[in-house]
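Student: Going letter by letter, the sequence shown gives residues 3 to 739 in the numbering used here. Ideal Cβ positions, reconstructed from N, Cα and C, are used throughout, including at glycine. Only a predicted model underlies this, so the values are computations on that prediction, with no experimental measurement involved.
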Amino acid sequence: MTLFGAILVRPVLPIWLIALLLLVVAAVAWYTYRGCSLTLRQRLGLWGFRMAALLIIAWLLLQAEHRKVLHDKEAPLLAMVVDVSASMTEKLDPAAEARRERAIEFLSDSRIDKLCKRYRVVRYEIGSSVEESTGAPGDILFNGPRSNIGTAVNEIAGRLRVENAAGLILLSDGLDQSGESLSPQAMGVPVFIPEIEEPMEAKQEQKPDAWVADVSYPKMMVVNWKGNVDVLVRRRGNGALSFPIHFRQGATVLRSSMIEFQPDEQFKQVSFSLEPLEIGQILYQVEITPVPDGDPDNNSRTFLVEVTDPKNRVLYLEGAPRWEFKFLKRALLAEKNYQLSAFVQSGQGTFINFSEQAGMAGGATPKMSVDELKAYKVIIIGDVDGAAFKEADGKNLSDFVDRGGGLLFIGAGKAYGEAGLQKTPHVQEMLPALSKPGAQMTEGRFSVDFTPGGRAHPATSGLPQETRMPPVLSFWTPVKVSELSTTLIATADGSPILVVRRYGQGRVAMILSDSLWRWQMGGAEGGTDRGLYSSFVTQLVHWLAPSEKEVEKTGLLQVFTARSEVELRENVTLGAVWDRGGAPAGDPLQCRITTPDGRRLSFPMVPCTLSLDVGLTKATNGFKCMFRPNVEGEYQVSVTTPNGSQEQKLRLLAACSENEKTGAPLDRDYLESLAADTGGKFVPWKSRYSMFKDIPFKPRETQEIKEYPIWNRWVWVLALTALFCAEWWWRRRLDLV
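#1: Could you tell me which of M523, A492, M628 and G47 sits nearest to M512, measuring between CA atoms?
#2: For V316 and K369, I'd like the C-alpha separation in whole angstroms.
#3: Looking at the unbroken beta strand (DSSP E) that takes in G282, where does it start and where does it end?
#4: From which residue to which residue does the beta strand (DSSP E) around G396 run?
#5: Classify V429 as helix, strand or coil using the three-state DSSP reduction.
#6: Compute the Euclidean distance between the alpha carbons of F477 and M443, then round it to the nearest angstrom.
#7: If P192 and G169 are in contact, beta carbons under 8 Å, what's the gap, nearest whole angstrom?
#8: On the CB-based measure, 16 or more other CB atoms within 10 Å of its CB, does E92 come out buried or exposed?
#9: Three or more C-beta pairs under 8 Å: does that hold for the region 299–311 against the region 213–233?
#10: Once you ignore the five residues that flank N398 on each side, which residues in its own chain have a CB closer than 8 Å to its CB?
#11: Per DSSP, V574 is paired with what?
#12: Count the other C-beta atoms from every protein chain shown that fall within 10 angstroms of the C-beta of R503, then say buried if there are 16 or more, exposed otherwise.
#13: When DSSP labels each residue in this structure, what does E107 get in the three-state scheme?
#14: Out of A253, T254, G252 and F274, which one is the CA nearest neighbour of M260?
#15: If you follow the beta strand (DSSP E) that R250 is part of, which residue opens it and which one closes it?
#16: Please report the residue range of the alpha helix (DSSP H) in which H73 lies.
#17: Should Y710 go down as buried or exposed, given a rule of 16 or more other Cβ atoms within 10 Å for buried?
#18: Can you give me the C-alpha to C-alpha distance between N314 and W227, rounded to a whole angstrom?
#19: For a quick check, are the C-beta atoms of D385 and R324 less than 8 Å apart?
#20: State buried or exposed for N632, treating a residue as buried only when at least 16 other CB atoms are found within 10 Å of its CB.
#21: Using DSSP bridges, identify the partner residues of F194.
#22: Taking the C-alpha atoms as reference points, what is the distance between L570 and G129?
#23: State buried or exposed for V164, treating a residue as buried only when at least 16 other CB atoms are found within 10 Å of its CB.
#24: What three-state label does DSSP hand F269 in the structure shown?
#25: What first and last residue would you give for the beta strand (DSSP E) that runs through R457?
#26: Which first and last residues belong to the alpha helix (DSSP H) in which P186 is found?
#27: Judging by CA-CA distance, which residue of A394, Q430, L614 and E420 is the nearest neighbour of Q411?
#28: Taking only three categories from DSSP, how would you classify D299?
#29: Are the region 388–397 and the region 433–453 in contact at 8 Å, needing three or more beta carbon pairs?
#30: Tell me the DSSP secondary structure of L725 in three-state form.
#31: Quick one: grab the DSSP three-state call for R504.
#32: Between the C-alpha atoms of G496 and D178, what's the straight-line distance to the nearest angstrom?
#33: Tell whether a beta-carbon distance below 8 Å holds between V235 and K270.
#34: Hey, could you find the ends of the beta strand (DSSP E) V164 is sitting in?
#35: Less than 8 Å between the C-beta atoms of G682 and F194, yes or no?
#36: Look at L668 and D175 and say whether their C-beta atoms are less than 8 Å apart.
Here it is in structure tokens:
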């Protein structure tokens, strides 16, 4: 309730009741003094003291507050957005400024600063992400791996949704890689774009050049196994040309070859054989030395290969030979990172060695003992009945999976039928699905697809996410899927085809069809590429196998990262696992990083839970730190314990995306469309100052209301006390009780 203009009252009692009580008390007080032998002046004086005290009490009951309204004007906000992708370093005209130089010139221009004075300016750097920036313009690094301009404009508009935004000044070449349309919110923020590259009046003839366009190589290999490195070299120009190409490991030249271009040839592919002889992260480089050379910076490519020992052994036990056995065995034999031992069941129930590479030599039969199973990462059980395994075999299989091994069931009527594996002790409890009474292999032509969980599951997420997967010609039904299992592939009516689950520290998968091998019939012609079936099998087995990055139970320091090759400006997480022993709990691990330009960085590693962010498949307690590579090249990472007794090292290779620096000119069509769609303007470089005349300046009036109590001041208590004392003193003078 408002009284007296800017005075608010929040009375404890209704105002009418306070007024009534005041009148009643005033009348009673006057009536009391009326019966005393006092002069009129004395009665009025004492009654006045009493009434003044009552008025103060009534004022306190009103709990009055003072309201103050402040009016102000807030300047509009102007977003200054800089594209920091690597393409900003390019220039098509050697005599002109590079795009980045134009952008820095704009940001450093004192005249631009004066024109921006009346705005509230916020600067953003965009590339693959959006970051607010406050550093000096000359310190900006233009090395972003991609230009997501559409995404960035939408995100910035979202951040400014509660602001009085005047507009957005974009310094970019317009080579957008996001393909994202503007949101309705972004359409309301006008974008003003100065042209940071002059249009080329005539196409200038570029210098002849040759460069390493692409390198295809295995990211992981087994020591002493052979692989291929395929190098694609392109050139610009005509005429015959020849020059050497070298394949190096560090400073050592492993192989060299000559590239010879015919007059009309524009690209050549060269292959080098690769056979790593040591375990670890091996740094390789391919380099060409063309003459003439228009751009020496594109003559080499460096890459890392993770080399492991051949521990990925797979045991495959099958019933009678069948098509599934043939194609699954072929897919695994083609995978160099696995060593397959395959056996088929004879008429007497024993297993016969059917391997095509060294596994168990001669006619040795597999023994399901604990020591024998330790040699394998994954065990595949085909269409064999339950009688093939003794109770001790089932117990050893269960222990194998419980300790972290992988198990794949790919059976049919014998394995999944009434006398099948679910009758075998210890095996039944591992099955992801159990057959219901009357279950059988239903034949026909059935469409299948990933379930929602299957598209994101690591066992299948890398497969082509096609709108329609190849159909299957059979599936085992009906079955009951375990509550601990997940269906990854199912038929149109929801019948499971691929079911997976965890069992202890290991993983189990179950394929409920005996016709998936037909997917192989759709492989690439000529065998130059793996078909869907091969990719499906190898990825599933890879997921089942305990990763080389699984944490070992040891007191030694272990260091992890998700990928050894990263992009510039990418946030890289480094993890470490270490049993402190008797070390003080407060001492952190130290991570030291040597950058390609010789700088040394140091980061403390904080305790946390490590998981997929550092490449671990199982969550575990450890330490981590994060850093962002801003310079292209090799990073040396060293993690040490607080007492310095242990140290682990790894390499990281940071590179700019090859799709970013394309030599393409400024995309004027995109920039003009972006400005027009938002109500902004695309202006020539010489008109950059006059552009500010079109940027709206509409300050927003703000109103701030301040309310503070005025009834709880000390002066009222002092006045009330003084009135009571004065009345008491006068009453004593008049001998009134």
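Tutor: In brief:
#1: A492
#2: 14 Å
#3: G282 to I290
#4: Careful: G396 lies outside any beta strand (DSSP E), inside the alpha helix (DSSP H) at E393 to D404.
#5: coil
#6: 5 Å
#7: 4 Å
#8: buried
#9: yes
#10: M370, S371, V372 and L375
#11: F629
#12: buried
#13: helix
#14: F274
#15: L243 to Q251
#16: Element bounds for H73: not the alpha helix (DSSP H) but the beta strand (DSSP E), A66 to E76.
#17: exposed
#18: 13 Å
#19: yes
#20: exposed
#21: I171 and K683
#22: 11 Å
#23: exposed
#24: strand
#25: Element bounds for R457: not the beta strand (DSSP E) but the alpha helix (DSSP H), P454 to A458.
#26: P186 to M189
#27: Checking the sequence, you will find Phe at residue 411 rather than Gln. Ranking the options by Cα distance to F411, first place goes to Q430.
#28: helix
#29: no
#30: helix
#31: strand
#32: 41 Å
#33: yes
#34: First-last for V164: undefined, no H or E at that position.
#35: yes
#36: yes
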